[in-house]
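Have a look at the structure below before the remarks.
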Amino acid sequence: MNRSLIFASLLFSANLAQADILKLAVTTSFENSGLADVLLPVAEADLGLDVQLLVVGTGQALRLGEAGDVDAILVHSRASEEAFVSDGFGTHRREIMFNDFVLIGPKSDKAQIGATSGAAESLQKIADAQATYVSRGDDSGTHKTELKVWQIAERAPATFGSWYNDVGAGMGAALNTASALNAYILSDRASWLNFKNKGDLALLFSGDPVLFNQYAYLPVNPAKHPTVQYEMAMKLEEWLLSDKSAALINNYQINGETLFVFNGQK
Amino acid sequence: MFPLTLSKLSVRRRGKTVLGPIDLVIDQGGPTMVIGPNGSGKTTLLRVMHGIERISEGTAEWAEPDHANHAYVFQSPVVLRRTVAENLSYPLRVIKRAKPEINSAVEYWIEQIGLGKVANRSATRLSGGERQKLAIARALIRNPEVLFLDEPCSNLDGQSTREIETLLLETAKAGTRIIMSTHDMGQARRLAADIIFMKSGHIAEKGLAPDVFSTPQTPELQAFLKGDILE
Amino acid sequence: MNDITQGLLAALRLIVAFDAELWEISLRSLQVSLTAVIIASVVAMPFGAFLAVQRFKYRRLVISIMNALMGLPPVVVGLIFYILLSRSGPFGAFGLLFTPWAMIIVQIVIITPIIASISHQAMRELWAEYHDLLISLNTSKWQRIKTLIWDGRRNLLTAGLAGFGRAIGEVGAIMIVGGNIEHATRVLTTAIALETGKGDFALALGLGFVLIGLALFVNISIHWLSRTEREGRW
């Protein structure tokens, strides 16, 4: 009897369902930056709601929105976002802020990408040197940016040899792989700064406007999915565009480096 | 409920006839001892009469099937992984007797078999003799009119065998019909009112105990009583 | 080796500091897995006993299927239930996706065959022992099942603990249907996956040691409770 009492008390001590919850799908890069931990508690306190984050790739975040499993998404892949809105899954697309991608690689920099003038040239050098490279390969915003740069560089990943590793994983897992292989990789700056297993890797190239990474907020269309919390999603959007939010975003730093620039239009 | 009539009954296992065909009538009286060499079908005969063995041909029928109240004690006693007292109460709980009735019956039988001191101990810790006494008491607790026992004293020492035989004689005196198999001729002589002698799945000879022991009719029984090995 | 030492130190730090978040996700791991084990056991244990007691035409087939289901890949179970529980899936109306109940459901699906199979093994052995007696006493099917379950409860406990071990260490399925949401569906295993992704191996390993400790603690305390329940009888 003792046993069942313990079970029962465990089961009933915590409620398994909650109310006033906003489910927000965000990308790993946003979560890994640590900005979520700064921004969301303030938003929750101001708005009196519980924001639950689903940390996934951009591809899956959009799918979650299409299925109506989340109330809003915060992602960074413009073309897919516009398709999401035009297909009627989202009511609109609101730009909030941007950060940037950086090229990471072994400190020795075998491919000499540190001395290039643009991201496309850097990737060309990696391809020419056939230096070990790790790609997210998971349809995420980061992955899509990478593919865009390969295109500008006029190189097709489909034709690459074994030096090109398509790992099909999130940013953290891909960085772990790159660290283990001592490989080049494209990462968002925030994930890289927060990454604790850097090993022999270093930031080798950044600053090309093509690597700027625009984040946008898209509430899921209540006409498609009546169960979504549209009102709450709109309240959060309003808050994200507020001066308070702008200050928090612009002042967020890791190791003394600013990561995000607020560019929201009310 | 008597008599139990077996007619043209046979049991086959994997194409091999292990019993029968047999014609036999069991009426009041006893105790009846079923004797015969190993593999002669003693156990199968008892199980058929108790109704827990599938019959291949023929029938085994009680005169009043609805009132057939009989119990069975297996050669190696089955002990429930419960306390001694719970082993005893189990058959009564199965037929949903009232609590006070169960308690008094358990109290009575636990004293009868001298296990009062270990009533709340696990029955799996009992010795061989204690287990067999417990199995017999558990069989008797529903006050069966017929009690089948399959070599209940094999592997038991003299002391336990004597206690069980005393218990069985008292049970018979109280009116329970006992049908029991044994390979111990001394035990058969001590307990039997009548004898069924089995050989190769058939009833080779039967009759009142004094007659069967003094003047066996068949050469097989003569050889068996002499102590020869029967094939 | 250094990483493992770091992990042990991280585990110690978290425990000594009585870290609120660690406490929360550990408790949620326990709640989710124990709830799943209890519900799965209620179904699986009588089913295992039933399979031992009852002979029917497709019994062997059912047993083969049950044993095969033990090897069900959790990540596939997770994916299937993700689609079923999604708002646009057939059970979307219940709003279960990304809640602890979704995690409980997939764990039930994963561990029920395990508990049923181990229960069936135990019940079959016990039934071989009890068969003659229970038939002789003219017990009903249900009485036989009840007797086997009660008398075989210590073996069934082992079956339940095997299911618990599988449930609490599972990550693939609950990551998909739970979503690893902080303060809602984050449990020890998904937190470990998260910290590994961040490259924080020390913290991940620390959480891993807490997980192992928790599993051991549940096993030992349940064995201890079952022993004190009937001291000296067995």
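Protein chains in written order, with this note's numbering: chain A, 2 to 267; chain B, 37 to 267; chain C, 3 to 236. Built from N, CA and C at the ideal position, the CB exists for glycine as well. As the structure is a prediction and not an experimental result, all values here were calculated from the model.
### Task
Would you decide whether VAL63(C) is buried or exposed? Buried here means 16 or more other CB atoms lie within 10 Å of its CB.
Correcting the residue identity first, residue 63(C) is Leu in this sequence and not Val. Per the 10 Å Cβ criterion, exposed.
### Task
Return the Cβ separation of GLY97(C) and THR228(A) in integer angstroms, given the expectation that the two are a contact with Cβ distance under 8 Å.
7 Å
### Query
By the 10 Å Cβ neighbour count, where 16 or more other Cβ atoms means buried, how is THR7(C) classified, buried or exposed?
exposed
### Query
Mind listing which residues of the region 170-190 of chain C have their C-beta closer than 9 Å to chain A's C-betas, in chain order?
GLY181, ASN182, ILE183, GLU184, HIS185, ALA186, THR187
### Query
Is the CB-CB distance between LEU151(B) and LEU176(B) below 8 Å?
no
### Of the listed residues ARG213(B), GLY222(B), VAL182(B), nearest to SER190(B) (C-alpha basis)
GLY222(B)
### Query
Going by the CB atoms, is the gap between ARG168(C) and ILE112(C) shorter than 8 Å?
yes
#### Entry: LEU116(B): contacting residues in chain C (beta-carbon distance under 8 Å)
TYR132, LEU135, THR149, ASP153
### Query
Going by other Cβ atoms of all chains shown within 10 Å of its Cβ, with 16 needed for buried, is ALA217(A) buried or exposed?
buried
### Query
Over what stretch of residues does the beta strand (DSSP E) that includes GLU93(B) continue unbroken?
93-98
### Query
What are the residues of the region 129-152 of chain B that lie near chain C, defined by any Cβ-Cβ distance shorter than 7 Å?
VAL130
### Task
Could you work out which residues of chain A lie near ASP202(C), taking near to mean beta carbons separated by less than 8 Å?
LYS197, ASN198
### Message
Within 8 Å of any Cβ in chain C, is that where the Cβ of THR228(A) sits?
### Response
yes
### Message
If you reduce the DSSP assignment to three classes, tell me which class GLU89(B) lands in.
### Response
coil
### Query
Can you give the Cα-Cα distance for ALA134(B) and LEU55(B), rounded to whole angstroms?
41 Å
### Query
Any C-beta of chain C sitting closer than 8 Å to the C-beta of HIS86(B)?
yes
### Cross-chain neighbours of PRO127(B) in chain C, by beta carbon under 7 Å
LEU139
### Query
Could you give the distance in angstroms between the alpha-carbon of LEU158(C) and the alpha-carbon of SER28(C)?
25 Å
### Query
If you measure from the beta carbon of PHE233(B) to each beta carbon in chain C, is any gap under 8 Å?
no
### Message
Taking CB distances under 8 Å as the criterion, tell me whether GLY97(C) reaches chain A.
### Response
yes
### Message
Strictly below 7 Å CB to CB, what residues from chain C border LYS111(A)?
### Response
None at all; the shortest Cβ gap to chain C is about 23 Å.
#### Entry: DSSP-derived helix/strand/coil call for GLN125(A)
helix
### Message
Looking at ALA179(A): is its Cβ nearer than 8 Å to the Cβ of ILE105(A)?
### Response
yes
### Query
Alpha carbon to alpha carbon, how far is PHE261(A) from ARG155(C)?
60 Å
### Task
Please report how far the alpha carbon of GLN266(A) lies from the alpha carbon of ALA224(A), in whole angstroms.
25 Å
#### Entry: As assigned by DSSP and simplified to three states, the class of ARG213(B)
strand
#### Entry: Interface residues of chain C facing PHE249(B) [CB-CB closer than 7 Å]
Those do not exist, as PHE249(B) stays about 31 Å from chain C at its closest Cβ, beyond 7 Å.
#### Entry: Residues that SER88(C) contacts on chain A, provided the C-beta gap is smaller than 8 Å
ALA68, GLY69, ASP70
#### Entry: Proximity test, Cβ basis, 8 Å: GLU233(C) and chain A
Residue placement at GLU233(C) cannot be trusted, given a pLDDT of 46 that sits under 50; what the coordinates show is reported in the next sentence. Answer no: the Cβ-Cβ gap between GLU233(C) and chain A never drops below 8 Å.
### Message
Measuring only the C-alpha atoms, how far is SER141(A) from LEU207(C)?
### Response
27 Å
### Beta bridge counterpart(s) of ASN4(C) as assigned by DSSP
None; ASN4(C) has no bridge partner.
### Query
Given that a residue counts as buried once 16 or more other Cβ atoms are within 10 Å of its Cβ, and exposed if not, what is VAL57(A)?
buried
### Message
For a quick check, are the C-beta atoms of TRP151(A) and PRO158(A) less than 8 Å apart?
### Response
yes
### Message
If you follow the beta strand (DSSP E) that THR41(B) is in, where does it begin and where does it stop?
### Response
40-49
### Query
Using a C-beta cutoff of 8 Å, does ASN69(C) count as contacting chain A?
no
#### Entry: Beta-carbon proximity of THR80(B) to GLU89(B), cut-off 8 Å
yes
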